[in-house]
Amino acid sequence: MMLFQSADRRFGLRLDARDVKKITKLCRRAFPNETGGILIGRYNERHDLAEITGISPPPPDSHQAPTAFYRGVQGLQRCLQRLWHGKRQYYIGEWHFHPLGTPEPSGRDAAQMRDIATAKNYRCPEPVLLIVAGTAERPLDFGAYVCLESGGPLKLAAQESPT
Ligand SMILES: [Zn+2]
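Under the working numbering, think of the first position of the sequence shown as 11, with each following residue one higher.
See below:
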C-alpha cells in the first residue's frame, strides 16, 4: 500500500499494492517509451482521501514515445459510466511513466491537468496526477500531485505506511 498526503492533510491518495504492481508491470513493458492511463476510485466521507480502486492501461488510441505520451480516449467514457452506475467509482486522475526521468510533472503535464480540472466531461475539479519514473530494472519512484484549478500541481508527500 502507498499513501501520499499534502502537508496540510487536506488531501491524500491511497494506492493498493495490487495497483502498484499493475502500474510497474505496464511501465516495464513500455520501456523505453512512456505509457499511462487513468486512476479510478472514490473519496472517503471527509473528502480528504482519494482511494484508488483500479487503474487503466493506455486506451488503444494513445500515442507512446520515449519523451511523450498522449493518453487516448477510446472506450473511456463508456467505461467510466459503467463504473459509476455499477460501483459508484469514478475518474480520479491520471498516471504516467517517465522512463529514465524523475517523478515530477513537466510544464506540459501541469497544463494538461489544468485542462482536465476545468473540463466539464471529467467532473473532476481536483484531479490527481501520479508520475512513475525509472528504468526497466530498478524499483520505480512514485510521485503524487493534486492539481487545483487555481494553481500548479501540489505535491503529496509519501507517508510511511504501517505494515
Ligand atoms: Zn509527464
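Where a beta carbon is used, it is the ideal one built from N, C-alpha and C, also for glycine.
Everything numeric in this text was worked out from a predicted model, so none of it was measured.
Distance, residue j Cα to residue i Cα
i, j, result
"Ser44", "Val142", "Residue identity differs from the one stated: residue 44 is Glu in this sequence, not Ser. Computed Cα separation, rounded: 10 Å."
"Asn54", "Thr145", "34 Å"
"Met11", "Asp26", "4 Å"
"His73", "Gly96", "30 Å"
"Glu147", "Arg19", "34 Å"
"Leu110", "Ser66", "22 Å"
"Asn131", "Asp71", "19 Å"
"Asp29", "Cys89", "18 Å"
Check whether residue i and residue j have beta carbons under 8 Å apart
i, j, result
"Leu36", "Gln169", "no"
"Ala127", "Pro137", "yes"
"Ser16", "Leu164", "yes"
"Glu114", "Leu49", "no"
"Tyr155", "Cys134", "no"
"Leu166", "Leu23", "yes"
"Gly51", "Thr34", "no"
Classification of residue i by the beta-carbon crowding that lies within 10 angstroms, buried from 16 upward
i, result
"Val83", "exposed"
"Ser1", "Only positions 11 to 173 of the chain appear in the structure, and residue 1 is not among them; the question remains open."
"His57", "exposed"
"Ala40", "buried"
Anticipated Cβ contact below 8 Å, residue i with residue j, distance rounded
i, j, result
"Cys157", "Arg118", "Not confirmed; about 13 Å, so no contact."
"Gln99", "Leu93", "5 Å"
Neighbourhood of residue i by C-beta distance below 8 Å, restricted to the same chain and skipping five residues each side
i, result
"Pro69", "Gly47, Arg81, Gly82, Val83, Gln84, Gly85, Leu86"
Sequence-distant residues of the same chain with beta carbon closer than 7 Å to residue i, five excluded per side
i, result
"Glu61", "Arg24, Gly51, Arg52, Asn54"
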